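What follows is one structure encoded as structure tokens, with my remarks underneath.
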Ligand code: PMP
Ligand code: GLN
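In UniProt numbering, the protein residues as written are 13 to 392.
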């Protein structure tokens, strides 16, 4: 068989989690919490199962959940999406991202990908027959930022889609209002679409707002905005996400969605719809994770790691040049096997494996887990 994805191997997250398990390391690699969701959420899903919500739901998702999502977006970002025609529940954000790419990218179309980039974007573009055009983020005193002049220069007659991600995995940077305005200037007057990966929308720190594209009338009109309950409610294994997009884009999205997964499991959707009636869990999330971020950063301050800013997500990037000149993968493997703390090499988020001497830690962990990791990291 001639591979459709010849360059693709096992994801870095799976590889580092496997290595962490082999060495009994504290796993700060793959991004997932080591604590459970609220019992109330599990109860709500169980109740949905006992109430008989166990057969196929509607193709775009359970109406009550789509309605709850539309209400949340309206309350937080001031945009009214029609739950019937503009919100689709997906099998995690991953399916939303791949489906959005497959429904609009034709063979030969160019897609702008800002690197470092989450690892699912490039394979999805390849499956669509699209051509990725990469633009690298740059690092200044405020941390990673997007050089919009370079994005602008990369946009041409064949550009179909620009993928953005804020809060950003792996760098922990966030887009500010000026970034969004720069993006709007670039696409104005063109037919370029935008795929906005906002799975960390509720993890923005130090009082900064999340600049969802939903807030921006001009951009929302050409955007697929993607989020994930896995991140927000500490249930990464449930794989339920969603996409909000104008009706014309949602209609094309649903054509692919219905023949890929058709729909998403019913009881989780009912449970999530009930749970969403209370906004406290996502409104409390910035404070919850900011405390963990600060605990982790404070613990690393006396170490030989250099901390990069962490304005959003549950990731902390660090430079390790004072400790080692090894490649990021070799360093992350050594951290896992010898220091017994797993990390993710940022080079895995670049098409060409660019080396920056930076690895990513996930701080979505119990305080005791973070303390144990910090004791080990501070000794290097
Ligand atoms: N996008 C980004 C930036 C992510 O970090 C993740 C989670 N790993 C996803 C998408 C996928 O989310 P889900 O688990 O809901 O498919
Ligand atoms: N999004 C998670 C991370 O960046 C991992 C998701 C996965 O394992 N595919 O670590």
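The C-beta atom is built at its ideal place from N, Cα and C for all residues, glycine as well. All of these numbers come straight from a predicted model, not from anything done at the bench.
Q.
On the criterion of 16 or more Cβ atoms from any shown chain inside 10 Å, does residue 70 qualify as buried, or is it exposed?
A. As a working mapping, residue 70 is identified with position 58 in the chain shown. With fewer than 16 other Cβ atoms within 10 Å, it is exposed.
Q: Could you pull the start and end residues of the alpha helix (DSSP H) that residue 192 belongs to?
A: Reading the chain shown from its first residue, position 180 is the one you call residue 192. First-last of the alpha helix (DSSP H) with residue 192: 189-199.
Q | Closer than 7 Å: residue 181 CB and nearest the ligand GLN heavy atom | A | As a first step, residue 181 must be located in the chain shown, where it is residue number 169. Result yes, Cβ under 7 Å from the ligand GLN.
Q: Have a look at residue 235 and residue 205 and give me their C-alpha separation to the nearest angstrom.
A: Here residue 235 corresponds to residue number 223 of the chain shown, with the count starting at 1. Here residue 205 corresponds to residue number 193 of the chain shown, with the count starting at 1. The straight-line gap separating the alpha-carbon atoms of residue 235 and residue 205 is approximately 6 Å.
(Q) In the DSSP output, which residue or residues are listed as bridge partners for residue 314? (A) Taking the chain shown and counting its residues from 1, the one referred to as residue 314 is at position 302. DSSP output for residue 314 lists no bridge partner at all.
Q. Does the ligand PMP have even one heavy atom less than 7 Å from the beta-carbon of residue 247?
A. For this step, residue 247 is matched to residue 235 along the chain shown. No, since every heavy atom of the ligand PMP falls outside the 7 Å radius drawn around the Cβ of residue 247.
Q. So residue 176 and residue 220 are in contact, right, with Cβ under 8 Å, and what is the actual spacing, rounded?
A. As a first step, residue 176 is located in the chain shown; it is residue number 164 there, counting from the start. As a first step, residue 220 is located in the chain shown; it is residue number 208 there, counting from the start. Not a contact, Cβ separation roughly 16 Å.
**Q.** Cβ-heavy atom distance, residue 342 to the ligand PMP, below 7 Å
**A.** Position 330 of the chain shown holds residue 342. Result no, Cβ not under 7 Å from the ligand PMP.
Q.
Buried or exposed for residue 218, going by 16 or more other Cβ atoms inside 10 Å?
A. Along the chain shown, read from residue 1 onward, the residue named residue 218 stands at position 206. By the beta-carbon neighbour count (other beta carbons within 10 angstroms, threshold 16), residue 218 is exposed.
Q | Of the listed residues 154, 131 and 116, nearest to residue 141 (C-alpha basis) | A | Mapped onto the chain shown, residue 141 falls at position 129. Closest option to residue 141, Cα to Cα, is 116.
Q: May I ask you to verify whether the region 94-109 touches the region 248-255, counting CB pairs closer than 8 Å and requiring at least 3?
A: When C-beta atoms of the region 94-109 are compared with those of the region 248-255, three or more pairs fall below 8 Å, so the two segments count as touching.
**Q.** Segment contact flag, the region 266-278 with the region 296-310, C-beta cutoff 8 Å, min 3 pairs
**A.** no
(Q) Once the 5 residues before and after residue 307 are set aside, which same chain residues still bring their CB inside 7 Å of it? (A) Numbered from 1 along the chain shown, position 295 holds the residue referred to as residue 307. Only 379 and 382 meet the Cβ criterion.
Q: Determine the contact status of residue 334 and residue 316, defining contact as a CB-CB distance below 8 Å.
A: Indexing the chain shown from 1 puts residue 334 at position 322. Indexing the chain shown from 1 puts residue 316 at position 304. Contact flag set, yes.
Q: For the alpha helix (DSSP H) holding residue 1, just list the boundary residues, first then last.
A: Because residue 1 is not part of the residues shown, which for the chain are 13 to 392, the question remains open.
Q. With a CB to CB cut of under 6 Å and the five nearest residues on each side skipped, what residues in its chain are close to residue 283?
A. Your numbering for residue 283 matches position 271 in the chain shown. The answer, listed in chain order, is 56, 57 and 60.
Q) What alpha helix (DSSP H) runs, 4 residues minimum, are completely inside the region 133-213? A) The qualifying runs are 133-140, 160-166 and 189-199.
**Q.** Span separating the alpha-carbon of residue 112 from that of residue 392
**A.** Within the chain shown, residue 112 is the residue found at index 100, counting from 1. Within the chain shown, residue 392 is the residue found at index 380, counting from 1. For residue 112 and residue 392, the distance between alpha carbons rounds to 44 Å.
Q) Is there contact between the region 157-171 and the region 186-201, where contact requires at least three CB pairs shorter than 8 Å? A) yes
Q.
I'd like to know if the region 115-135 and the region 335-346 are in contact, where contact means that at least 3 CB-CB pairs between them fall below 8 Å.
A. no
Q) Is the beta carbon of residue 43 sitting closer than 8 Å to the one on residue 354? A) Your numbering for residue 43 matches position 31 in the chain shown. Your numbering for residue 354 matches position 342 in the chain shown. Not a contact, by the Cβ cut-off of 8 Å.
Q: Could you work out which residue in 36, 24, 94 and 321 is closest to residue 260 when comparing CA atoms only?
A: Start at 1 with the first residue of the chain shown, and residue 260 comes out as number 248. Among 36, 24, 94 and 321, the Cα nearest to that of residue 260 is on 94.
Q) On the premise that residue 104 lies in contact with residue 321, defined as a C-beta separation below 8 Å, what is that separation, rounded to the nearest angstrom? A) As a first step, residue 321 is located in the chain shown; it is residue number 309 there, counting from the start. As a first step, residue 104 is located in the chain shown; it is residue number 92 there, counting from the start. Actually they do not touch by this definition, with Cβ atoms about 28 Å apart.
Q. When DSSP labels each residue in this structure, what does residue 122 get in the three-state scheme?
A. Here residue 122 refers to the residue found at position 110 when the chain shown is read from its first residue. Residue 122 falls in the strand class under three-state DSSP.
Q.
Please return the same chain residues whose Cβ sits closer than 6 Å to the Cβ of residue 25, not counting the five positions on each side in sequence.
A. As a first step, residue 25 must be located in the chain shown, where it is residue number 13. Residues of the same chain with a CB within less than 6 Å of the CB of residue 25, apart from the 5 flanking positions on each side, are 42 in chain order.
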